[in-house]
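Notes to accompany the following structure.
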Amino acid sequence: WLFLKSVPHFSVAAPRGNVTSLSLISNRIHHLHNFDFVHLPNLRRLNLKWNCPPISFSPMHFPCHMTIEPQTFLHATKLEDLNLSYNSITTVPALPKSLVNLTLSHTNILTLDHTSFAGLHALRFLYMDGNCYYSNPCSRAVEVAPDAFLSLRKLTHLSLKYNNLTAVPRNLPPSLEYLLLSYNHIVKLT
Numbered sequence: 174w175l176f177l178k179s180v181p182h183f184s185v186a187a188p189r190g191n192v193t194s195l196s197l198i199s200n201r202i203h204h205l206h207n208f209d210f211v212h213l214p215n216l217r218r219l220n221l222k223w224n225c226p227p228i229s230f231s232p233m234h235f236p237c238h239m240t241i242e243p244q245t246f247l248h249a250t251k252l253e254d255l256n257l258s259y260n261s262i263t264t265v266p267a268l269p270k271s272l273v274n275l276t277l278s279h280t281n282i283l284t285l286d287h288t289s290f291a292g293l294h295a296l297r298f299l300y301m302d303g304n305c306y307y308s309n310p311c312s313r314a315v316e317v318a319p320d321a322f323l324s325l326r327k328l329t330h331l332s333l334k335y336n337n338l339t340a341v342p343r344n345l346p347p348s349l350e351y352l353l354l355s356y357n358h359i360v361k362l363t
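Residue numbers (my numbering): 174 to 363.
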């Protein structure tokens, strides 16, 4: 644990263009700014897991809400792998079109619609496990609009385990090879 409260900024003399992977796991970053990743033009992998966990995962049950400004990730035009799991976010942030792997597990995202993944045509792996279950309780099931995943033309892996879902999401992309729905409340396949 480094207990960083913000994304570190490298000095102008540092070879920032060489940074392709950045891990900021288990810090205390609660606010991501529009300019946080502008100085890392070749960033491909970014892990921000466990910075502002939902209250049920917080060691001392302190409330936390992560703020992500609208342009935060859009400047990372080469970003392929992003992990935002175990952070108290309620919506899918604006994301770069280059993403291939996205992890949004154990967050407070309870609604997905046609805008949630708009423009992510390269996305192949999407993990959204544990956003509503006994360890991360919510008062309802995760709502998935019929067209939420339709634009993800290259999606091959979709994991929605532990989300209190009552139905299999509709209009899944034809490219999908693996669909993981364990530990939900789906009683009938239609």
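Just so it is clear, CB atoms sit at the ideal spot from N, CA and C, and this is done for glycine as well.
How is residue i classed by DSSP in three states: helix, strand or coil?
i	result
asparagine 220	strand
asparagine 191	helix
valine 211	coil
glutamate 350	coil
tyrosine 307	coil
serine 265	Residue identity differs from the one stated: residue 265 is valine in this sequence, not serine. DSSP places valine 265 in coil when its eight states are reduced to three.
aspartate 320	coil
serine 196	strand
leucine 275	strand
aspartate 367	Lying outside 174 to 363, the shown extent of the chain, residue 367 is not represented and no answer is given.
Using only the alpha-carbon positions, how far apart do residue i and residue j sit?
i	j	result
proline 214	glutamate 242	18 angstroms
methionine 301	serine 184	35 angstroms
isoleucine 198	aspartate 209	16 angstroms
phenylalanine 176	lysine 222	13 angstroms
asparagine 224	asparagine 344	33 angstroms
leucine 352	arginine 297	12 angstroms
valine 211	asparagine 200	20 angstroms
valine 315	asparagine 336	6 angstroms
threonine 240	valine 360	36 angstroms
phenylalanine 235	serine 229	9 angstroms
lysine 178	phenylalanine 290	28 angstroms
serine 261	asparagine 191	31 angstroms
histidine 248	alanine 318	28 angstroms
isoleucine 202	cysteine 305	23 angstroms
serine 312	proline 342	19 angstroms
valine 265	leucine 338	18 angstroms
proline 181	glycine 303	29 angstroms
tyrosine 356	histidine 279	14 angstroms
histidine 206	leucine 362	42 angstroms
threonine 263	histidine 287	16 angstroms
arginine 189	leucine 195	11 angstroms
leucine 157	alanine 340	No information on residue 157 is available, as it lies outside the stretch 174 to 363 that the chain covers here.
Going by DSSP, what residues sit across from residue i in a beta bridge?
i	result
histidine 330	Phe298 and Tyr351
histidine 204	Thr240
leucine 345	DSSP, once it has assigned bridges, lists no residue as partnering leucine 345.
leucine 255	Leu219 and Leu275
For residue i and chain C, any beta-carbon pair shorter than 7 angstroms?
i	result
aspartate 254	Included in the structure is just one protein chain, with no chain C present.
request  = Report yes or no: do the region 212–225 and the region 239–252 share at least 3 C-beta pairs separated by less than 8 angstroms?
outcome  = The region 212–225 makes contact with the region 239–252, as at least three CB pairs between them are under 8 angstroms.
ask   = Counting Cβ pairs closer than 8 angstroms, one from the region 342–357 and one from the region 317–331, do we hit at least three?
value = Short answer: they touch.
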